[in-house]
Every structure is written in structure tokens, then in C-alpha cells.
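Trainee:
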Amino acid sequence: MTEVCPRLISFYLPQFHPIPENDAWWGKGFTEWRNVTRGRPMFEGHDQPRRPADLGYYDLRIEEVQQHQADLAMQYGIHGFCYYHYWFAGTRLLERPLDAVLASGTPTLPFCVCWANENWTRRWDGMESEILIGQQHSPESDRAFITDLLTTLADDRYITVNGKKLLLVYRPTLLHNTRRATDTWRDEVLKAGLGELHLAMVQHGDHDPVAMGFDAAVEFPPHGFQAPDIRNRLEAVDPEFRGGIYDYGALVDFAIERPRPSFPLHRGVMLAWDNTARRGTNSTVYHGATPADYRRWLEAMMQDATDQGGSDEVVFINAWNEWAEGTYLEPDERHGHAWLEATREALQAVGGTIETEADKPLAIRRTVAMDSDPGPADVRRLARQRRRSRTRHRLRTLRVRAGNFMKRPDKIKKIRTRGGAAISRGLQKFRLKKSSTQASLEPVWHGNAGTGHPVLFIGHDAHLAGSQMLLLEMIRKARASGTMDPMVILLGDGVLESDYRRLAPTCSVVPMLKAGMTLADAVSSAIAAAPRRPLVGICSTIACADAAQACRSSDIPVVHLVNELPTTVEANDWEDLVLDIGATARRIIFVSHFSRKAFVDRFGLAESRCAIVHPGWLSHEGDPADKLKVRSRIRRTLKLPEDALIVLGCGQIHPRKGVDLFVQVAARTLEQPGTDKVHFVWIGDGTADHTRWVNHDVDLLPCRDQIHLIPSKSDIHPYFEAADLYVLSSREDPYPIVCVQAMASGLPVLAFDGAGGAPEALVDGCGIVVPFLDTKAMSEKLVGLVQDETARLAMGEAARARAQSSCSSDHHFEGVMDVVASTCGVDLKNPE
């Protein structure tokens, strides 16, 4: 509609076609028009009954009616309709108009929905205690509600606010648990690949929407608005009248002067409210409403919204077609198009312009108005349309659910064919290797809860490797923050388990897995037995996908760290796990632009759902003044001369880490003159096969005495302090922590381009990047640094400075917490 002012959304009532339920409750053929036509004046000058003009007493089973309504709305500046959505524990009522819009793709007018989550009673007959159909609010119904709505939310015409799907709830206080409900809805919509929700609650009091899990409230006059009763000023008031008659102009003044609350609020206005058609002598009437006062009110609210949120803000109009409530924009016999004209004038007054569909003249034909039921041909056509609508609805729902948040669902068939068996085998091997733990069906937590925000960290095992060390460092930071109470669930055992226990209450699910429990059940059991209920879960690797699902089933929002690359995923048959993470996580955090692009290209992930936070070097104790002593000690340990120049590399002995390339670089370098004091040291273990071939290559080299392969160490920091250069020989590495660890120790780093995220750290003269797998180029650069001590030391200092300023574990931890705060709504850095 306009790019310079807020959008106007008008509430839309779908009760203008018969349904079996209304036939049973109110009589055969009941629609809202039956109420409208029975209205009668209650005082002199009372505008009752109301009579429609252009479209007459229309029937929403006729598809042209909605098209003409949309054309009329667009002509006068209405951005979209907000359909009332009647859903009762799986039963939908009055769904036909919106289903027809979804099935046909027309009209093109944008829309959103408001869940009218009240019981239906006989209030019109004065019997509010008699429930016709009731709501059943529960955690299960909360999830079922949003699942049923996914197809609607997936429509391209669905209205968004700041890129988030706009969903209104009429009576949020009736929900079983508002925070749990809103968390569930957000999780399910993210799971469906539909992005995030902008949840708005219709205002029936002064409740803070944020405290209830919503993003904003929506003004809904006349609820919560004040105006004087003017009944005594009127003539010939019906003696049976027991309702209220209020001054519309005074209400407008009150609304304009009323200050904004402290919480987020979308403004709202109404037309001439008068529900005499429904409530008879007990009605509420806002008398004296004029298009001029309405325009004054709408213009003020749009200006206020412009000042608050600009073009992505919305203002609600109550309503488009609430004929029995006496508040409608549609033309009637008395005012014609005056209310619509006032709407357009208010819009234009604040700088808005009206969109029109080119070459599509507005043609509202009175012939579509129906004063009687459709004929047999119409009924047959409508029946066919309804069957097609249901079929499209089902198919679209299946596409949404199958797609998760994939942009290219066509890839799923290939991925799904891998099956779960291979994944189970891979996970079992990955998690339970060499475990001596005894089987048990009961979760055991070691350690006591603290204070602060309870945060659950989930690791796939406790072996001595990069992602495990990174998770351990995050837990250490969380414990030191003073605002968080970390807890740990480990899916496998390992030598670091005691380190986890020293930092936080820890539960290993390995005994439960050995007892035959599924991973998801074991994690769910551990969560239920945890010292405190976590506010958020942070999963460390793709192998934690099942655990993340268990968190979601417990309504714990999850942020998932991905430290792998697609090649690792495919090698372990983990493609399904990527889908599962996409269906579970609020955000996926990748370690580098390189890794995010790899997953986006391979699996079709939506970039907007994928954050990037670079890992940092791991802190360690030690006095920098002792560096010379450490250098000397490590050289004695390795039986090297005091003046030896160490070129370091480390990691698992595996083709991915490029240990063979490290050996090739060493061989080329040590052929050059002036390198007799250079020694290449690799720290790491590997399988017998991989290690055998690396040793085979080294043993055949004339420089074999200057290449040293040593086992993994529990503390490798001294080796970084003792080294002079670092060669990152990986063929593929998302963002190697050893790279920034070397930088933090003042080592120039040499790496291959196109092999991972390392070049993202090696900027500003703190390292050298050579073409992919070009060992000759790497050797030449290395020899240059060996022979030029000044250049080597300068590059090392540049590396150290960059590591300290932007590559520390503090930066990584803060980055992850920022993602948690922005996507899970939990600011873990602030005290409770």
C-alpha cells in the first residue's frame, strides 16, 4: 500500500455463510445477517437496523464476493484482512472463506489470522453459561493448534511484521500457560521452516504482552476505552433498554490523548460500535459516530505508529464487516462509502499512497449479492471447490512439514532414503566407544545446582577433541559469569568427563543407553531429573540432534552449534540429523562463513536461520614470563637442541587433517639450505591404518630425524608456547581452533585456501594463505619465514594481537549468548 506509513489491517468476520453447527444452535440457514436484520431503534435517532449497500446481504460461499471485498479494501488503502480463526481442540468452524482464499490463490490481498480462543455460548440469548462448543486449553492443544495453522502461515500473502509472521490471539489469559504456549508456537513454526512469529495479543486489560510471551498487544476498542454515558441526554429511550449509550466523540478524544504504555503496542481504531442487533435491549452503543471523528482518530493513530515503527508497523481497524456489532467499513445505505473515504483520507494525510492493480477496474456487481440460498448449480460448484480446497490443504501441509526449513525440499527424498539404521550405527560407534560404564535405567546427576539462569549444555561425548574442549570452555565461562547456572548432559563418555563435573552438575546418559533406552528417552529422563529446569539448551555438534529433539519435546528452546562440514555428515550418514536439527533449533550457529555456505549449498538451508560465531582460542593458566622456560622444557622433552626452530601441527591422524601434506611440506622445506635446525612436530593420534602409512612416509625420507610424530597430550598449550611457526595442513576444517590457538601464542600460521574457515582469521598480516593443497607454495613461504626472523616475529605479534582483540573464547561465548538472547528470548548475561 505504502512505503512511508504503517499498514492498515481490518478485522474480518467470516460468519456470512451457513454451517451445520449454527443450523443446530440458531436455526436452519443462520448467518450473521439474521442478527443484523432484527436490529431495531432503542432511542430517537438510533441508526437501526443497518442495511448493506454495494454487496447486499452477501453469501461468502460465492467466491466472487471475497474478490470484490478485497478490491474495495485495496481501493481505499486497506493493506489486508485479519480473519477470525475459530479452532476448538481440532475442530474448525467458519473456515470456508479462508480455506477458499488459500486454495484458489485469490484474492491477492494480504491476510493474517486472530485465534478467537473463547468458548462459544448463548450470550446473544442472555445464556452465557450454556456452552455450545468449548475450548480445551492444554500443552497438547497448543501444539495441535499451531500445527493445524502451518499451511495458512506458509501462504505467500500472509502478513509479516519485521519479517515475522503476524499471529493474533484474542484471549491469551485463557491459555493453560502463555509462556509455554508461545514457546511451543515459535518452535513449531521454526520447525516448519516458516521463520519466526510476531505474536500479538488482543488487549483486554493492561497485561504486559512481553511478560506473557508475546511480542506486542493490539488495541481493540471499545475494550479498555473510556467515554461518558449520554443516555440521559437522549430522547425517547426504550423503557426496556438496559444497556449503555456512550459518546463516540469523547471516546475518540480519550484514545488520542491516551499515552502509550511501557510495553509494545499496535494501535487500533473502531467505527460506530453498536451491537443492538446481537444484544437487543442489553446492547452497548457508541452514539454520534461520524466519518470525520473516525478519520481524526485513525490519522492520529497512524501518525503515532509512524513515529514508533514506520512502514513496518501496523494499525488495526475494528472492523471490515462486523455488521451485528455496528462497526464495519463496508458501504451501507446510510453512509455509502463515507467510512472508506475517511480511511483513505487519513492514510493520505500521513503520507500514504494507495496501490491499485493495473488494468484491473473495480467492478462491484450487485448481481453477486444473494438474498436467497444458491441454486443447485452453485451448490455443486461450491462442493467441488470445497473438495479441491481440502485436498490442497492436505498436500500443502505435507509439503510444509516435509520441508522443515529447507528451501529445496526436492533434496529431501535423496536424504531420507539413507534411512535411520546407518545413522544409529554411526552414532553408536561415535558415542559409546570403549565405554566401561555399567548399564542403568535411572539418570544420575553429579553435582549440585547453583543460582542464576539454568542453562543446559549437551555434548556428544567427553573425548579430548576440539568441539569437546570448546564446549568445556563455554561451560567455564558460564560458571564464571555469575548470571548462569550451567548443567551438562553427555551423550558419550571420555577422559574429560571429570572436568565437566568439576564445573557443573553433569549427567552421562551412557548407562541408560546401555540399558536399552533410546537416546531421546534417555535425554528426556535426564532433563526431568535435572537439578533445575533449563531455560535454554545449547547443543555442541550435529551428533546431538536426537538430544535437541528431546529438549524441544520438553519445551526447551535449543540453539545448535555445528562444528562439522557436509563431508563429515555424509561420511557418517548423518544427513537425517541435519534435517532434525533444522526442525528443532531456534538457530544453527556455524563456526565460519565457509561452513555456513557449505551447508546452505549442500542441504538448502535458509541463511537467515544460520548464524556465524567464530570459535576462540582456549584460555590456559601460565605466566608469559615463563615462556623461555617452557620452550626449553619442551625441547628437552623432544630431545631437540635449545636453538631448534619448531614448526608445529596437531590433530587426529586422518586424511582430513592432512598429516600427509604436513609431511610433504616438511620434506620440501628441509631440502632447502639453512633448515638444519628446523624440526616439524605433529601432535595427535589416529587409527592403526592411518598412522602406519604416515610413519611409512616419514621413515622413507632423508629428513626423518627432523619430523616428530608424538601422541595426543591432555595439555598441548606448552607445545604452542614452545613452537615458532604453525602449519595448518587440513584438507577441510570448518574453523580450526588450533589456528587461533597458535595465533594467541604468537605463531605465524600457514594454511590452504579453500580448505575451511581459517583464512577468515588469518587477516591483517597475521598469517599466510596459499592455494589449495599447494605444498610447494606453502614450503616456499615457510622457508622465507624461517630465514627472516624479523618478519617471522612481526607476523607472530600481529597474530597474537588479533587473537587477543577479536578471536578469544570470550568473544565466542559472548557471540553465542547474543544469539540465544535474540532467538530464545532469554538474556543469560543479565541477572535473574
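Counting with our numbering, you get residues 13 to 844 for the letters of the sequence shown. We put the CB at the ideal spot given by N, CA and C, even for glycine. Predicted, not measured: the structure shown is a model, and the values here were computed from it.
1. Could you give the DSSP three-state label for LEU114: helix, strand or coil?
2. Using 8 angstroms as the threshold, is the stretch 727 to 740 in touch with the stretch 636 to 647, meaning 3 or more CB pairs across them?
3. For GLN397, which residues from the same chain have a beta carbon less than 6 angstroms from its beta carbon, with the 5 sequence-adjacent residues on both sides left out?
4. Based on the DSSP secondary-structure assignment, which residues constitute the bridge partners of HIS605?
5. To which residues of the same chain is GLU142 closer than 7 angstroms at the C-beta, ignoring the five residues directly before and after it?
6. Using C-beta distances below 6 angstroms, list every residue in its chain close to GLU325, excluding the 5 sequence neighbours before and after it, in chain order.
7. Which residue or residues does DSSP assign as beta-bridge partners of ASN330?
8. So, GLY698 versus SER724, is the Cβ gap smaller than 7 angstroms?
9. In terms of residues, what are the limits of the beta strand (DSSP E) holding PRO498?
10. Measure the C-alpha to C-alpha separation of LEU206 and PHE615 and round it to an integer number of angstroms.
11. Just how far apart, CA to CA, sit GLY261 and ARG243?
12. Counting only the same chain and skipping the five closest in sequence on each side, list residues whose C-beta sits under 7 angstroms from that of ILE31.
13. Using a Cβ-Cβ cutoff of less than 7 angstroms, which residues in the same chain neighbour ARG538 once the five nearest sequence positions on both sides are dropped?
14. Quick one: what's got a C-beta closer than 6 angstroms to VAL297's C-beta in the same chain, skipping five residues either side?
15. Does PRO26 pass the burial test, meaning 16 or more other C-beta atoms within 10 Å, or should it be called exposed?
16. Using only the alpha-carbon positions, how far apart do LEU20 and ILE749 sit?
17. Look up GLY779 in the DSSP assignment and say whether it is helix, strand or coil.
18. Please determine if the stretch 529 to 549 and the stretch 787 to 803 are in contact, where contact requires at least 3 C-beta pairs separated by less than 8 angstroms.
19. By DSSP, does CYS751 sit in helix, in strand, or in coil?
20. Identify which residue in TYR96, CYS556 and VAL706 has its Cα closest to the Cα of GLU576.
21. How should GLU311 be labelled, buried or exposed, when 16 other C-beta atoms within 10 angstroms of its C-beta is the threshold for buried?
22. By the DSSP assignment, the alpha helix (DSSP H) with HIS708 in it spans what residues?
23. Taking the alpha-carbon positions, what's the GLN480 to ASP745 distance?
24. Within 10 angstroms of its Cβ, does THR288 collect 16 or more other Cβ (buried), or is it exposed?
25. Which residue comes first and which comes last in the alpha helix (DSSP H) that contains PRO151?
26. Near THR43, which residues of its chain fall below 8 angstroms by C-beta distance, leaving aside the five closest residues on each side in sequence?
27. If contacts are defined as beta-carbon pairs under 8 angstroms, then ALA767 and TRP629 qualify, I think. What distance do you get, rounded to the angstrom?
28. In terms of residue numbering, what span does the beta strand (DSSP E) encompassing SER834 cover?
29. I want to know whether the stretch 816 to 825 touches the stretch 605 to 624 - three or more CB-CB distances under 8 angstroms.
30. Going straight from the alpha carbon of ASP66 to that of LEU84, what length do you get?
31. In three-state terms, what does DSSP make of VAL507?
32. Just to confirm the assignment: which complete alpha helix (DSSP H) runs, minimum length 4, are found wholly within the stretch 32 to 98?
33. Considering Cα atoms alone, identify which of PHE226, VAL249, ASP218 and GLY225 is closest to HIS235.
34. Find the nearest neighbour of GLY663 within the set LEU673, GLN148 and GLY117, judged by alpha-carbon distance.
35. List in chain order: all unbroken alpha helix (DSSP H) runs of 4+ residues lying wholly within the stretch 201 to 246.
36. Taking the beta carbon of PHE469 as the centre, do at least 16 other beta carbons fall within 10 Å, making it buried, or is it exposed?
Mentor: So, to answer that:
1. helix
2. yes
3. Because the pLDDT at GLN397 is just 48, under 50, the model does not fix this residue reliably, and the value given afterwards should be weighed accordingly. Nothing listed; no residue qualifies.
4. Bridge partners of HIS605: none, in fact.
5. THR133 and ARG134
6. Excluding residues up to 5 positions away in sequence, PRO18 and ALA317 lie with their Cβ nearer than 6 angstroms to the Cβ of GLU325 in the same chain.
7. MET282
8. no
9. DSSP places PRO498 inside the beta strand (DSSP E), whose first and last residues are 496 to 502.
10. 17 angstroms
11. 15 angstroms
12. LEU105 and LEU106
13. The sequence given here has Ala at residue 538, not Arg. Taken in chain order, the residues that qualify are PRO455, ILE501, CYS519 and VAL521.
14. ILE257 and ASP286
15. The residue is buried, with at least 16 neighbouring Cβ atoms inside 10 Å.
16. 51 angstroms
17. strand
18. no
19. helix
20. Checking every option, the nearest Cα to that of GLU576 belongs to CYS556.
21. It is buried - the Cβ of GLU311 has at least 16 other Cβ atoms within 10 Å.
22. 700 to 711
23. In this model, GLN480 and ASP745 are separated by some 16 angstroms (Cα to Cα).
24. Around the CB of THR288, 16 or more other CB atoms lie within 10 Å, so the residue is classed as buried.
25. 151 to 165
26. GLN27, PHE28, HIS29, PRO30, ASN34 and ASP71
27. Wrong, their Cβ atoms sit about 19 angstroms apart, outside the cutoff.
28. No beta strand (DSSP E) holds SER834; the alpha helix (DSSP H) holding it covers 821 to 836.
29. No, the stretch 816 to 825 does not touch the stretch 605 to 624.
30. 10 angstroms
31. Reduced to three states, the DSSP call for VAL507 is coil.
32. 32 to 38, 44 to 49 and 75 to 87
33. ASP218
34. LEU673
35. none
36. buried
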